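J.: Each residue of the sequence shown is one higher than the one before, starting from 1 at the first, in the UniProt record's numbering. Quick reminder that beta carbons are idealized off the backbone N, C-alpha and C, glycines included. Quick caveat, the model's predicted, so the values are computed rather than measured.
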Amino acid sequence: MTVLVTGGAGYIGSHTIIELIQKGYTNIISVDNYSNSEESTYKRIESITNYKIQYYSIDLTSKIDCERLFEENEFDAVIHFAAYKSVPESVENPLSYYRNNLNSLINIIDCCNKYHCNQLIFSSSCSVYGNSTELPVTETTPLGIAESPYAETKFIGERIIRDAVKANSEMKAVILRYFNPVGAHISGKLGEPASERPNNLVPFITQTAAGLKEKLKVFGGDYNTPDGTCIRDYIHVSDIADAHILALEYLTKTNNNIEVFNLGTGKGVTVLEVIKSFEYVNKLNLNYEVVERRKGDVEAVYANNDKAVKLLGWKPKHSLSEMMESAWKWQQNLLDDPI
Ligand code: NAD
Ligand code: WQD
């Protein structure tokens, strides 16, 4: 089976390539334009797996380059990670988000249709649930109003896939709604690429612990939660990666044309619990302060993951401590061996 991984130099894509190789899927072609990653990620993957990745350095919004990719290879499945993912950036520059995330998806689907690649796995997000009042959220929880252009690209992306699958009876798709992927590969050799402006909680924690940021701001201490801080469903990136291999196996045996799965642990954790876990497992004190709420944050969101457990046979293996330990190991590795 030949698998195209788009966004394979990125955070989740690179971890998924490792899982694919370790599960025996060695015919992998990765594609990336390094808009949020580095080509050297492939070297990191190689050092973990002893396997040399074949890849294209192209932008998937280019129809011509996307066509060339499909002309030169015969893909059985596509795992489509490539997208821009920053919520605040999408608010500042919505058109670039719609252009990048939707045009690349449309090009991929067009090529799948034309070159008879009939299996598609799509990276969606819990952000499609918006500000849900139903907790935990299941796949049938009504989707909310998107809180950002980024979330809207995922909502529309899901819609595009549904319609494309309806129009092509040979095509089958799995949509995976990730909750909050965190942590790094257990080796410490691979993790989330460093950003000078991290938006997400865990990169901010590790950069503060490393002295790259002075203080972590905890956004809001007056929510209606046990300690007043927001609740999220943090899930180890390798568990997310693992679900993609199970989704591939599922696609080869299912008769359903489209299926959606939540990927979260099912357990809601507060921001202060994350900080305490990080401090405890890594024997560190973090400089943090509770400040005002961040605009657009939902109070609490966590998954019901029963469907993925039942139909995919998926079981998240990594604890919150392991997420925090691996994230810190990766941050230290980044300081010693920057990409
Ligand atoms: P990432 O930014 O690390 O990886 C995405 C990769 O896609 C990057 O390497 C980037 O360079 C590449 N890319 C972007 N646009 C491209 C284009 N036009 N052509 C070629 N390559 C392109 O992000 P990630 O965290 O690995 O996320 C992967 C997917 O999962 C994304 O679709 C994201 O929206 C989704 N997702 C991520 C999270 C999260 O918190 N990390 C949560 C839910 C959903
Ligand atoms: C988690 C919690 C913050 C930073 C986003 C996207 C979502 C998905 C995952 C892609 C919140 C708090 C954060 C900080 C803090 N991505 N926080 N101080 O907002 O749940 O979800 O990433 O699909 O679509 O919206 O993740 O990591 O930004 O925040 O207190 O410096 O940490 O308020 O409660 P979020 P996050």
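For D32, is the classification buried or exposed, using 16 other Cβ atoms within 10 angstroms of its Cβ as the cut-off for buried?
T.: Along the sequence shown, one-based indexing puts residue 32 at 32. By the neighbour-count rule (16 or more Cβ atoms within 10 Å), D32 is buried.
J.: What residues are listed by DSSP as bridge partners for S123?
T.: As a working note, residue 123 is residue 123 in the sequence shown. L176.
J.: Per the DSSP calculation, Y55 is bridged to which residue(s)?
T.: Here residue 55 refers to the residue found at position 55 when the sequence shown is read from its first residue. In the DSSP output, where bridge partners are listed per residue, Y55 has S30.
J.: Does the beta-carbon distance from I53 to L69 come in below 9 Å?
T.: The residue given as residue 53 occupies position 53 in the sequence shown. The residue given as residue 69 occupies position 69 in the sequence shown. It is not a contact, given that the beta carbons lie outside the stated cut-off.
J.: Let's see if you can read the secondary structure: which residues bound the alpha helix (DSSP H) around A243?
T.: Position 243 of the sequence shown holds residue 243. Element bounds for A243: 237-253.
J.: Starting from the Cα of K295, find the closest Cα among G144, Y56, F219 and give me that residue.
T.: The sequence position of residue 295 within the sequence shown is 295, counting from 1. Among G144, Y56, F219, the Cα nearest to that of K295 belongs to F219.
J.: Taking only the alpha-carbon atoms, compute the straight-line gap between V5 and L20 and give it to the nearest angstrom.
T.: Position 5 of the sequence shown, counted from the first residue, corresponds to residue 5. Position 20 of the sequence shown, counted from the first residue, corresponds to residue 20. Taking the straight line from one Cα to the other gives about 10 Å.
J.: With a threshold of 8 Å, are at least 3 pairs of Cβ atoms found where one atom belongs to the stretch 64-80 and the other to the stretch 40-52?
T.: The stretch 64-80 vs the stretch 40-52: no contact.
J.: Between A209, H236, P88, which has its C-alpha nearest Q332's C-alpha?
T.: In the sequence shown, residue 332 corresponds to position 332, counting from 1. Among A209, H236, P88, the Cα nearest to that of Q332 belongs to A209.
J.: Is there at least one non-hydrogen atom of the ligand WQD closer than 8 Å to the beta-carbon of N103?
T.: Counted from its first residue, the sequence shown places residue 103 at position 103. Because no heavy atom of the ligand WQD lies under 8 Å away, the Cβ of N103 does not count as near it: no.
J.: How about N132: is its Cβ closer than 8 Å to a heavy atom in the ligand WQD?
T.: The count along the sequence shown starts at 1 and reaches residue 132 at position 132. Before going on, a small fix: residue 132 reads as Ser here, not Asn. S132 Cβ: outside cutoff for every heavy atom of the ligand WQD.
J.: Cutting at 8 Å between CB atoms, please list the residues of its own chain near V87, excluding the five before and the five after it.
T.: Taking the sequence shown and counting its residues from 1, the one referred to as residue 87 is at position 87. Counting only Cβ-Cβ distances below 8 Å, and skipping sequence neighbours, we find S127, E147, S148, Y150, A151, N199, G296.
J.: To the nearest angstrom, how far is it from the Cα of I245 to the Cα of G13?
T.: Position 245 of the sequence shown, counted from the first residue, corresponds to residue 245. Position 13 of the sequence shown, counted from the first residue, corresponds to residue 13. Roughly 12 Å separates the two Cα atoms.
J.: Pick helix, strand or coil for V260, following the three-state DSSP scheme.
T.: Along the sequence shown, read from residue 1 onward, the residue named residue 260 stands at position 260. Here V260 sits in strand by DSSP.
J.: Pull up the distance between the alpha-carbon of residue 341 and that of A167, whole angstroms please.
T.: There is simply no residue 341 to check, as the chain begins at 1 and stops at 339 in what is shown.
J.: Can you tell me the Cβ-Cβ gap for H318 and H185, rounded? I've got them flagged as a contact below 8 Å.
T.: Within the sequence shown, the letter at position 318 stands for residue 318. Within the sequence shown, the letter at position 185 stands for residue 185. With a Cβ gap of about 11 Å, H318 and H185 do not count as contacting.
J.: May I have the straight-line CA-CA distance separating P203 from R159, to the nearest angstrom?
T.: For the purposes of this step, residue 203 is taken as residue 203 along the sequence shown, with counting starting at 1. For the purposes of this step, residue 159 is taken as residue 159 along the sequence shown, with counting starting at 1. Taking the straight line from one Cα to the other gives about 31 Å.
J.: Return the chain-ordered list of same chain residues with a C-beta closer than 8 Å to the C-beta of L311, the five sequence neighbours on each side being excluded.
T.: As a first step, residue 311 is located in the sequence shown; it is residue number 311 there, counting from the start. Here the set comprises Y250, E259, F261.
J.: Tell me where the alpha helix (DSSP H) around E67 begins and ends.
T.: As a position in the sequence shown, residue 67 is number 67, starting the count at 1. Segment 63-72, the alpha helix (DSSP H) holding E67.
J.: Using a Cβ-based criterion (distance less than 8 Å to any ligand heavy atom), does N168 qualify as near the ligand WQD?
T.: Here residue 168 is taken as the residue at index 168 of the sequence shown, counted from 1. Every heavy atom of the ligand WQD is 8 Å or more from the Cβ of N168, so no.
J.: Buried or exposed for D239, going by 16 or more other Cβ atoms inside 10 Å?
T.: Here residue 239 refers to the residue found at position 239 of the sequence shown. D239 is buried by the Cβ-count criterion.
J.: Quick check on DSSP: helix, strand or coil for H116?
T.: Here residue 116 is taken as the residue at index 116 of the sequence shown, counted from 1. The answer is coil: DSSP assigns H116 none of H, G, I, E or B.
J.: Is the distance from the Cβ of Y223 to the Cβ of A300 below 9 Å?
T.: By one-based count along the sequence shown, residue 223 stands at place 223. By one-based count along the sequence shown, residue 300 stands at place 300. Yes, they are a contact pair.
J.: Determine the closest residue to N118 out of Y280, N305, T153, A173, with distance taken between C-alpha atoms.
T.: One-based indexing of the sequence shown puts residue 118 at position 118. Ranking the options by Cα distance to N118, first place goes to A173.
J.: Do you know whose CA, among N255, C230, L335, D242, lies nearest R293's CA?
T.: As a working mapping, residue 293 is identified with position 293 in the sequence shown. The shortest Cα separation from R293 among N255, C230, L335, D242 belongs to C230.
J.: Reducing DSSP to helix, strand and coil, say where T6 ends up.
T.: Here residue 6 refers to the residue found at position 6 when the sequence shown is read from its first residue. Here T6 sits in strand by DSSP.
J.: Exposed or buried, what is P226 when buried is set at 16 or more other beta-carbons lying within 10 Å of its beta-carbon?
T.: Looking up residue 226 in the sequence shown gives position 226. The residue is exposed, with fewer than 16 neighbouring Cβ atoms inside 10 Å.
J.: Under a three-way DSSP split, which group does T229 fall into?
T.: Along the sequence shown, one-based indexing puts residue 229 at 229. If DSSP states are grouped into helix, strand and coil, T229 belongs with coil.
J.: Could you work out which residue in K253, L135, S125, T26 is closest to F81 when comparing CA atoms only?
T.: In the sequence shown, counting from the first residue as 1, residue 81 sits at position 81. Taking only the C-alpha atoms, the option nearest F81 is S125.
J.: In terms of residues, what are the limits of the alpha helix (DSSP H) holding L20?
T.: Taking the sequence shown and counting its residues from 1, one reaches residue 20 at position 20. Residues 11-22.
J.: Taking 8 Å as the cut-off, is the beta-carbon of Y11 closer than that to any non-hydrogen atom of the ligand NAD?
T.: To locate residue 11, count along the sequence shown from 1; it is residue 11. Yes, the ligand NAD has a heavy atom inside 8 Å of this Cβ.
J.: Quick check: what's the CA-CA separation for L248 versus M1?
T.: For the purposes of this step, residue 248 is taken as the residue at position 248 of the sequence shown. For the purposes of this step, residue 1 is taken as the residue at position 1 of the sequence shown. Cα to Cα, the separation comes out at about 10 Å.
J.: For Y84 and Y97, I'd like the C-alpha separation in whole angstroms.
T.: In the sequence shown, counting from the first residue as 1, residue 84 sits at position 84. In the sequence shown, counting from the first residue as 1, residue 97 sits at position 97. Approximately 6 Å between the Cα atoms of the pair.
J.: Please tell me whether S169 and G7 are closer than 9 Å, where the distance is taken between their beta carbons.
T.: Sequence index remark: in the sequence shown, residue 169 carries index 169 (1-based). Sequence index remark: in the sequence shown, residue 7 carries index 7 (1-based). No, Cβ-Cβ distance for S169 and G7 is not below 9 Å.
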